[in-house]
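Asker: When we follow the working numbering, the leftmost residue of the sequence shown carries the number 76, and every step to the right adds one. No residue lacks a Cβ here, since even glycine has one placed at the ideal position from N, Cα and C. Quick caveat: nothing in here was measured; it's all calculated off a predicted structure.
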Amino acid sequence: MLPFTTLLSFALASTIIELTPGPNMTYLALVSASEGRRVGFATVAGVALGLAVIGFAAAFGVAELISASPLAYEILRWAGVAFMLYLAWDGWRGGGDVVASDARVGGRYFLRGLVTNLLNPKAAMFYVAVLPTFIDAAGPLLAQTVTLTVVYVLVATLIHAGIVVLAGALEPLLNDPRRERIARRSLSALLALVAVWFGWTTAR
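#1: Any idea if residue 95 is buried or exposed, counting beta-carbon neighbours within 10 angstroms, 16 or more meaning buried?
#2: What is the rounded straight-line gap between the Cα of residue 89 and the Cα of residue 230?
#3: With DSSP collapsed to three states, give me the class of residue 175.
#4: In three-state DSSP terms, what is residue 53?
#5: Go through the stretch 77 to 143 residue by residue and report every complete run of the alpha helix (DSSP H) that reaches 4 residues or more, in order.
#6: What does a CB cutoff of less than 6 Å around residue 101 pick up in its chain, not counting 5 residues either side in sequence?
#7: Since residue 237 is in the alpha helix (DSSP H), which residue starts that stretch and which ends it?
#8: Within a Cβ cutoff of 7 Å, which residues of the same chain sit near residue 239, ignoring the five residues on either side of it in sequence?
#9: Can you list, in chain order, the residues of its chain with a C-beta nearer than 8 Å to that of residue 236? Leave out the 5 residues immediately preceding and following it.
#10: Nearest to residue 220 by alpha carbon, out of 213, 233, 228 and 206?
#11: Verify whether the separation of the beta carbon atoms of residue 125 and residue 189 is less than 7 Å.
#12: Could you check whether residue 127 and residue 228 sit closer than 7 Å to each other, using their CB atoms as the reference points?
#13: Residue 148 and residue 215 - do their beta-carbons sit closer together than 7 Å?
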């Protein structure tokens with residue numbers, strides 16, 4: 076069992092990392108402000124599952140294998156950049172009345188949140204490079220990795236949910252088509268810039 080101080084330190088480190096602007100934060104703000112909180116929370120659920128999958132993969136060494144293979148890393152990195160650019164383009168050209176549609180919309184955004192994180196090599200690198208520094212080598216490695224993964228996913232989900240609540244508060248102000256279009260396209264342009272920044276900062 077990890078000491079409480081270790082868990083607290085890891086939770087603090089996770090909070091700082093998650094508060095750093097990145098693809099998740101930008102995309103959640105985009106969908107929540109333009110399409111409502113329900114869609115935003117569906118995306119958060121997908122993001123959480125993606126982070127959990129990568130974390131458990133890291134626990135079994137899969138993420139480390141990916142990070143150790145230059146070809147696999149590059150494929151994952153460019154796939155992530157391409158997917159974010161697609162999301163930015165989709166947000167730029169999309170309509171604003173998605174929130175009134177059926178449950179299939181929530182499922183679509185859940186999958187987008189999931190795929191965005193599965194194609195994020197920085198998430199894998201976090202689990203490979205940062206998480207192990209909080210593990211006691213004398214203890215059970217798998218149990219500690221799973222515990223820290225759960226803590227990280229919980230911290231990330233709380234922060235992402237907060238972004239949805241804050242950005243979703245703007246949705247009633249965006250009922251005017253012109254304001255909605257300006258806000259949606261501004262956030263889409265920001266997401267495209269984040270995708271370029273993501274590609275630049277993850278290059279080896």
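Answerer: In this structure, then:
#1: Counting from 1 along the sequence shown, the entry for residue 95 is found at position 20. With fewer than 16 other beta carbons inside 10 angstroms of its own, residue 95 counts as exposed.
#2: The residue labelled residue 89 in the question sits at position 14 within the sequence shown. The residue labelled residue 230 in the question sits at position 155 within the sequence shown. Take the alpha-carbon of residue 89 and the one of residue 230: they are about 7 Å apart.
#3: Numbered from its first residue, the sequence shown carries residue 175 at position 100. Interpretation of residue 175 is limited by its pLDDT of 43, a score under 50 that renders its predicted location unreliable; no figure is taken from the coordinates.
#4: Past the edges of the chain, shown from 76 to 279, lies residue 53, and the structure says nothing about it.
#5: DSSP runs (the alpha helix (DSSP H)) wholly in the stretch 77 to 143: 79 to 94, 98 to 110, 112 to 134 and 137 to 143.
#6: For the purposes of this step, residue 101 is identified with residue 26 of the sequence shown, where counting begins at 1. Beyond the five residues adjoining it in sequence on each side, residue 101 comes within less than 6 Å, by CB distance, of 265, 266 and 269 in the same chain, given in chain order.
#7: Stepping through the sequence shown from its first residue, residue 237 is reached at position 162. 216 to 243 is the extent of the alpha helix (DSSP H) around residue 237.
#8: On the sequence shown, residue 239 is found 164 positions in, with the first residue counted as 1. So the list reads 103, 107, 112, 115, 116 and 119, once near-sequence residues are dropped.
#9: Within the sequence shown, numbered from 1, the residue matching residue 236 stands at position 161. Excluding positions up to five away in sequence, the list reads 116 and 119.
#10: As a working note, residue 220 is residue 145 in the sequence shown. Of the candidates 213, 233, 228 and 206, the one whose C-alpha sits nearest the C-alpha of residue 220 is 206.
#11: Locating residue 125 in the sequence shown gives position 50, where the first residue counts as 1. Locating residue 189 in the sequence shown gives position 114, where the first residue counts as 1. Result yes, Cβ atoms of residue 125 and residue 189 sit closer than 7 Å.
#12: As a position in the sequence shown, residue 228 is number 153, starting the count at 1. As a position in the sequence shown, residue 127 is number 52, starting the count at 1. Yes.
#13: For the purposes of this step, residue 215 is identified with residue 140 of the sequence shown, where counting begins at 1. For the purposes of this step, residue 148 is identified with residue 73 of the sequence shown, where counting begins at 1. The Cβ atoms of residue 215 and residue 148 do not sit closer than 7 Å to each other.
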